[in-house]
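Undergrad: Protein sequence lines, in the order shown, are assigned to chains R and A.
According to the working numbering, the first sequence is numbered sequentially starting from 2.
According to the working numbering, the second sequence is numbered sequentially starting from 17.
The beta carbon of each residue, even a glycine, is placed where N, CA and C say it ideally should be.
Here it is, the structure, as structure tokens.
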Amino acid sequence: MTKPRFLHAVEHGLRQAHRYPGTVLALYLFQLFASLISLYPFWFLFNRHAERSLIDALPGGLMNGHHLIEIGAAEAGGFQLAMVWLIGCGALALVGNLYLAGGVAVVVARGRGDQPALFRRAGFAFLPRFAILALWMLPFAALIPIAMITLESILTLIYGANPDDQLGGLALQLRLAVLVLAGFALKQLFALARLHMVRNPHRSSLASLAAALVFCFAKFRAVLGFLLIFGTAYALLGFSLFELRPFLPHDGWLLVVLHQLWILLKKGLDVTLTHAEWHLIDAYTDRPAMVGGGMPPVRRLPGL
Amino acid sequence: MNTHFGPWLWLLCLLQPLAFSTEPLSPRIANYRIEARLHPQERKVVASQYLLWHNQSRHPVADLQFHLYLNAFRHTQSTFLRNNPGDARPFDRIWGALDIQTIKLQPPARSRIEMNDAVSEEIRPDANRFEQPPDAATLVDVTDQQRFIWPDDGNIHDQTVMQLTLPNALPAGASIWVYFEFEATLPDPPIARTGAGADYFFVAQWFPKIGVWQDGLWNCHQFHPFSEFFADFGVYDVAMTVPANYHLGATGRGGPPDQNEDGSLTYRYRAEDVHDFAWTTSPDFVVHEEQVDDVAVRLLIQPQHRGQIERHMVATRHALRAGQELLGEYPYDTLTVVDPHPRARETGGMEYPTLFTVGTRRGLPKAVRLMEATLIHEFAHQYFYLLVATNEFEEPWLDEGFTSYVEGRLSESLFGTETGILELADFKFSDRHLNRANLAATGERDAMAKKSWEFMNYGSYGVNSYSKPALALGTLERVLGRETFDKILRTYVKQYRFKQPRAQDFIVIANVVSGRNLNPFFEQLMHENGTLDYAVTGVRSSRKTSHHGRDVTNSGEDSPLFSNQVDLRRLGTFVFPVEIELCFEDGGCRREQWDGRDAWHQLRFDAPSRLVSAQVDPEYTILLDVNFTNNSRRLEASGAASDQLASRWFGRFQWLLELFAL
Ligand SMILES: [Zn+2]
């Protein structure tokens, strides 16, 4: 009896992941850096008022409504700038992540562990093509409202006009879950399209996307499996943080450490699952990859 | 009264205590009997109305004045819509109207009384007469004696106040029957508070309502955008005919409906000692009935909000119980809570005697307590509007301000002092927070004591009628102590229930009960627009140096003392005495007083320990202080607070950015 392909692929990913500590660390450090940079202006604005004031005299400290509102009013312009800064950081993080995705895909495809030089070159090489692919993804964003509408109609079908009355808080949680899963599905499709593009660099972005879609339908259960793994990772984090929070030290340092641990694990999971996806795509397609067999001829990569 | 019935009269007098086991709670000046029929298709209520009005003043009355509120929604040139044009949209709507077809009068009934040889004529209202209105056919038609007047702004297009000239002046003490036939058209979609949406009807301010005859003048204002309530107490006996299968809720108490031959239902409601009557009807309502102590509560809720019945009831029970504990007995035996149709949200959050509207949304998270806050607010109006019947046109803060204060008190006792309105992770807000945010943002645009239409705009009306007075009462509560303040509040309600007090009446009670002269506080609060903001702007401490220089003999020894200095500033113009807490390196703290009059104040003193922080108003008693963050200052900067906040938010930002990670 042969193993199911999906589990096989995940197992393959797990066996490979330990060879990529540098890649995981790069992903993590970028995320850390981006978070700190985007947080800084907010910290600055609050600290300006808090450092000389007896903020803790009111319950909740700086998060007490009085302080929040007063500092918010005093720094209205500052907070607007900080929001612009945050959005800017988000946009930059998106570009940075496209770059990182190229690097990860290529080093994983080659299958020889960390290769910093290849990572960098591949990252730059695939950045513009991934950007175009990302634009092609936009129409698929309609998936999210479609999923929501589908859920509503199913709920209505089962529970009548007012599912909230029957389900109470569960209805809201269901909606949230579907929203998150639809978001994950989009990200999954994008990841598969990227891998297809890396596998066959001469293909257009639209063709790669189409190939990814076909793959999704062909290996539906596997794709669903990936989604569930991501969903479980997030749910575990949310649940454990929510449950742990009352027991954590008041000043929050342990929370920060736990967050870092989780982000690090999540990045490791990303690399592992990229391996698994690559493995599945490889097994699914008979034609050898142009970057194939884990040995991409470097000159075949666009721009290299 | 006909003396032939002498013996029977005696018997009646003996039975009187049985029929009216209690004295009327209020001076029953304006008493209405209305027969109304709803025509749902036309959004119309067709009605006939008997008003028995009693001139309890010492002045004869030559004319009567009536509010025709629904005419505010006739067209965009009414005073209401001129000042709030947005409310009229969309223009292809059904406009509101109150059209009077007939007005008839019955001349006053007189009786002669002999007193000490002198014959005096007295005209007395007879409680029994209200039950037996005259036959309309026998009354004198005075329909052509009506004309519109515009006492507030001279806007000749406004038709919300009608003057009816009497053929003969009504003497002091006399009462008169006025008969109306009228058609009330409800705006659809509703405009601010009243109207129809889908098959939901909220019928408020719908009948010709007499103004208040006060000191020989009519107090009968036009309908302005932000205020509408001032009326005399009385008895309302109202029959409302609605289509079959329509549920109905109304002011007062009603029995099960009578079924008419055409299938329609007639509900009859009676309310005593109230000053208005509103009703609502819709086939959609889910009716939840529950007895809360002595009060029969009816909740009329939209079917899609059925899941929130218990949420409504939790707030209602708490409001009734905690409200009565704080403010004294709720003297009525019914309370109707109405959840408006989603297509008539405008009618939400409004108070009427023994009935009010709230408003919620599907899936409103429990942590967002806007519905509960509104419900508690509208309940509090049963005291500050219904019982203590202040003039909302002229002193809106006596009505909304006291209500907002009580809303804060009751929702905090239900949900916690920091979380009366919102409790989502770190975000916790109560009425106090929001009121202070409003005050800081727009508090200084106007003085508080203004007529409702004299404020700069809606925001300024809101902050000065709701937030600022609520915070002022909260400040008094904290400065005088809760026990004293509650006594003031209870005394005020007790003394002025079923009366129409003015601000000065409350101030007198506050002064007497607290034993303090609060006039300077109320003077600034009501008649000035200054902000109240005290700040510590500097804290200094250094080891005391010995004296040096010419003519000084220096012992050469360093002093063991520290020279400490605190700079305080009054940043607003509102003067309020403050307490300052000084804390030292050795852990000790002590307090100083400052009358707060000067623009700044400096404390300089030597102490054996280094001063590490200073704080004005350390107990946060002065809720009117628009900035608490500047109330304290420490000698050494510390990043602890912002670091802690940052550590919380750092994780959240990582999550946020993880959304962009591919
Ligand atoms: Zn109110």
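#1: Tell me which residues of the region 26 to 58 of chain R have at least one Cβ-Cβ distance to chain A shorter than 8 Å, keeping chain order.
#2: Closer than 8 Å by beta-carbon distance: list the chain R residues that pair up with PHE676 (chain A), in chain order.
#3: What separation, rounded to the nearest whole angstrom, lies between the Cα atoms of TYR348 (chain A) and GLN307 (chain A)?
#4: What are the boundary residues of the beta strand (DSSP E) that includes LEU702 (chain A)?
#5: Give every residue of the same chain whose Cβ lies closer than 6 Å to the Cβ of LEU97 (chain A), excluding the five residues on either side of it in the sequence, and list them in chain order.
#6: In chain R, what lies closer than 7 Å to GLY655 (chain A) by C-beta?
#7: Let me know the secondary structure DSSP gives HIS357 (chain A) once reduced to three states.
#8: Can you tell me where the alpha helix (DSSP H) holding PHE538 (chain A) begins and where it ends?
#9: Buried or exposed for MET472 (chain A), please, with buried defined as at least 16 other CB atoms from any protein chain shown within 10 angstroms of its CB.
#10: Could you check how far apart the C-beta atoms of HIS55 (chain A) and TYR216 (chain A) are, in whole angstroms? I think they sit under 8 Å.
#11: Taking LYS444 (chain A) as the reference, give the member of A:LEU450, A:ALA453, A:GLU434 with the closest Cα.
#12: Would DSSP call ASP622 (chain A) helix, strand or coil?
#13: Under 7 Å between beta-carbons, which chain A residues line up against PRO60 (chain R)? List them in chain order, please.
#14: Classify TYR474 (chain A): buried if its beta carbon has 16 or more other beta carbons within 10 angstroms, exposed otherwise.
#15: For ARG314 (chain A) versus GLY265 (chain A), is the C-beta spacing smaller than 8 Å?
#16: Among the candidates A:ARG668, A:VAL219, A:ASN171, A:LEU180, whose CA atom is the shortest distance from the CA of GLY683 (chain A)?
#17: Using 8 Å as the limit for Cβ to Cβ distance, is ASN545 (chain A) near chain R?
#18: Report buried or exposed for LYS560 (chain A), applying the criterion of at least 16 other Cβ atoms within 10 angstroms of its Cβ.
#19: Can you tell which of A:TYR550, A:PRO259, A:PRO187, A:GLU341 has its C-alpha closest to the C-alpha of ARG506 (chain A)?
#20: Measure how close the beta-carbons of ARG607 (chain A) and GLU595 (chain A) come, nearest whole angstrom, since I'm counting them as under 8 Å.
#21: Can you give the beta carbon distance from LEU196 (chain R) to ILE282 (chain R), rounded, assuming they're within the 8 Å contact cut?
#22: In terms of alpha-carbon separation, which member of A:GLU416, A:THR370, A:PHE431, A:PRO412 lies closest to LEU386 (chain A)?
#23: Could you name the residues that DSSP lists as bridge partners for HIS304 (chain A)?
#24: So, are the CB atoms of ASN99 (chain A) and HIS240 (chain A) less than 8 Å apart?
#25: Please name the residues in the region 641 to 665 of chain A whose beta-carbon is closer than 9 Å to at least one beta-carbon of chain R, in chain order.
#26: Tell me the start and end of each unbroken beta strand (DSSP E) in the region 260 to 287 of chain A that is at least 3 residues and wholly inside, in chain order.
#27: Near LEU598 (chain A), what residues of its chain come up, given a Cβ to Cβ distance below 8 Å and the 5 sequence neighbours on each side ignored?
#28: Beta-carbon separation of PHE10 (chain A) and GLY227 (chain A) under 8 Å?
#29: Could you work out which residues of chain A lie near TRP86 (chain R), taking near to mean beta carbons separated by less than 8 Å?
#30: Following a CB-centred definition, is GLU411 (chain A) positioned closer than 7 Å to any heavy atom of ligand 1?
#31: Less than 8 Å separating the beta-carbons of GLN189 (chain R) and PHE218 (chain R)?
#32: Does ASP641 (chain A) pass the burial test, meaning 16 or more other C-beta atoms within 10 Å, or should it be called exposed?
#33: Can you tell which of A:PHE600, A:ARG53, A:TYR482 has its C-alpha closest to the C-alpha of ASP447 (chain A)?
#34: Quick check on DSSP: helix, strand or coil for ASN454 (chain A)?
#35: Within its chain, find whatever has a CB closer than 8 Å to the CB of ALA223 (chain R); leave out the 5 residues flanking it on each side and keep chain order.
#36: Can you tell me whether DSSP reads ILE165 (chain A) as helix, strand or coil?
TA: By the coordinates alone:
#1: LEU28, GLN32, LEU33, ALA35, SER36, LEU37, SER39, LEU40, PHE43, TRP44, PHE47, ASN48, HIS50, ALA51, GLU52, ARG53, SER54, LEU55, ILE56, ASP57, ALA58
#2: Numbered from 1 along the second sequence, position 660 holds the residue referred to as residue 676 (chain A). Chain R residues near PHE676 (chain A): GLY91, ALA94, LEU95, ASN98.
#3: To locate residue 348 (chain A), count along the second sequence from 1; it is residue 332. To locate residue 307 (chain A), count along the second sequence from 1; it is residue 291. For TYR348 (chain A) and GLN307 (chain A), the distance between alpha carbons rounds to 13 Å.
#4: Beyond the ends of chain A as shown, which are 17 and 678, falls residue 702 (chain A); an answer cannot be given.
#5: As a position in the second sequence, residue 97 (chain A) is number 81, starting the count at 1. Only ALA104 meet the Cβ criterion.
#6: Your numbering for residue 655 (chain A) matches position 639 in the second sequence. Under the 7 Å cutoff, chain R gives ASN48, GLU52.
#7: Position 341 of the second sequence, counted from the start, is the residue given in the question as residue 357 (chain A). Of the three classes helix, strand and coil, the one that applies to HIS357 (chain A) here is coil, per DSSP.
#8: In the second sequence, the residue the question calls residue 538 (chain A) occupies position 522. Taken as a continuous stretch (DSSP letters only), the alpha helix (DSSP H) holding PHE538 (chain A) covers 535 to 543.
#9: Along the second sequence, one-based indexing puts residue 472 (chain A) at 456. MET472 (chain A) comes out exposed.
#10: As a first step, residue 55 (chain A) is located in the second sequence; it is residue number 39 there, counting from the start. As a first step, residue 216 (chain A) is located in the second sequence; it is residue number 200 there, counting from the start. Not really, about 15 Å apart at Cβ, beyond 8 Å.
#11: Translated into positions along the second sequence, residue 444 (chain A) becomes position 428. Of the listed residues, the one whose Cα sits closest to LYS444 (chain A) is A:GLU434.
#12: Indexing the second sequence from 1 puts residue 622 (chain A) at position 606. Residue state, collapsed to three classes: strand.
#13: Start at 1 with the first residue of the first sequence, and residue 60 (chain R) comes out as number 59. Within chain A, the residues near PRO60 (chain R) are GLU434.
#14: For this step, residue 474 (chain A) is matched to residue 458 along the second sequence. Answer is exposed; the Cβ neighbour count stays below 16.
#15: In the second sequence, the residue the question calls residue 314 (chain A) occupies position 298. In the second sequence, the residue the question calls residue 265 (chain A) occupies position 249. It is a contact, given that the beta carbons lie within the stated cut-off.
#16: Here chain A comprises residues numbered 17 to 678, so residue 683 (chain A) is not present and cannot be evaluated.
#17: Counted from its first residue, the second sequence places residue 545 (chain A) at position 529. Not an interface residue.
#18: Stepping through the second sequence from its first residue, residue 560 (chain A) is reached at position 544. When all chains shown are included, LYS560 (chain A) counts as exposed.
#19: Within the second sequence, numbered from 1, the residue matching residue 506 (chain A) stands at position 490. Comparing Cα positions, the closest option is A:GLU341.
#20: Looking up residue 607 (chain A) in the second sequence gives position 591. Looking up residue 595 (chain A) in the second sequence gives position 579. Contact holds; Cβ gap of about 5 Å.
#21: Mapped onto the first sequence, residue 196 (chain R) falls at position 195. Mapped onto the first sequence, residue 282 (chain R) falls at position 281. At roughly 6 Å, the Cβ-Cβ gap stays under 8 Å, so LEU196 (chain R) and ILE282 (chain R) are in contact.
#22: Within the second sequence, the letter at position 370 stands for residue 386 (chain A). If we check each option's Cα against that of LEU386 (chain A), A:PHE431 comes out closest.
#23: On the second sequence, residue 304 (chain A) is found 288 positions in, with the first residue counted as 1. The partner list for HIS304 (chain A) (beta bridge, DSSP) reads A:LEU315.
#24: Locating residue 99 (chain A) in the second sequence gives position 83, counting from the first residue. Locating residue 240 (chain A) in the second sequence gives position 224, counting from the first residue. In this structure, HIS240 (chain A) lies closer than 8 Å to ASN99 (chain A) by Cβ.
#25: VAL642, ASN643, PHE644, THR645, ASN646, ASN647, SER648, ARG649, ARG650, LEU651, GLU652, ALA653, SER654, GLY655, ALA656, ALA657, SER658, ASP659, GLN660, LEU661, ALA662, SER663, ARG664, TRP665
#26: 263 to 266
#27: Your numbering for residue 598 (chain A) matches position 582 in the second sequence. Correct list, in chain order: ASN580, VAL582, CYS605, ARG606, ARG607, GLU608, LEU619, LEU627, SER629, ALA630.
#28: Residue 10 (chain A) lies beyond the stretch modelled for chain A, which goes from 17 to 678, so this question has no answer here.
#29: Within the first sequence, the letter at position 85 stands for residue 86 (chain R). In chain order: nothing, as chain A lies at least about 12 Å away.
#30: One-based indexing of the second sequence puts residue 411 (chain A) at position 395. Outside the cutoff, so no.
#31: Residue numbering aside, residue 189 (chain R) sits at position 188 when the first sequence is read from its first letter. Residue numbering aside, residue 218 (chain R) sits at position 217 when the first sequence is read from its first letter. No. Outside cutoff.
#32: Mapped onto the second sequence, residue 641 (chain A) falls at position 625. Label assigned to ASP641 (chain A): buried.
#33: Numbered from 1 along the second sequence, position 431 holds the residue referred to as residue 447 (chain A). Nearest of A:PHE600, A:ARG53, A:TYR482 to ASP447 (chain A), Cα basis: A:TYR482.
#34: Locating residue 454 (chain A) in the second sequence gives position 438, counting from the first residue. In this structure, ASN454 (chain A) counts as helix in the three-state DSSP scheme.
#35: Position 222 of the first sequence, counted from the start, is the residue given in the question as residue 223 (chain R). Once the five neighbours on either side are set aside, the close Cβ partners of ALA223 (chain R) are ARG6, PHE7, ALA10, LEU281.
#36: Here residue 165 (chain A) refers to the residue found at position 149 when the second sequence is read from its first residue. Residue state, collapsed to three classes: coil.
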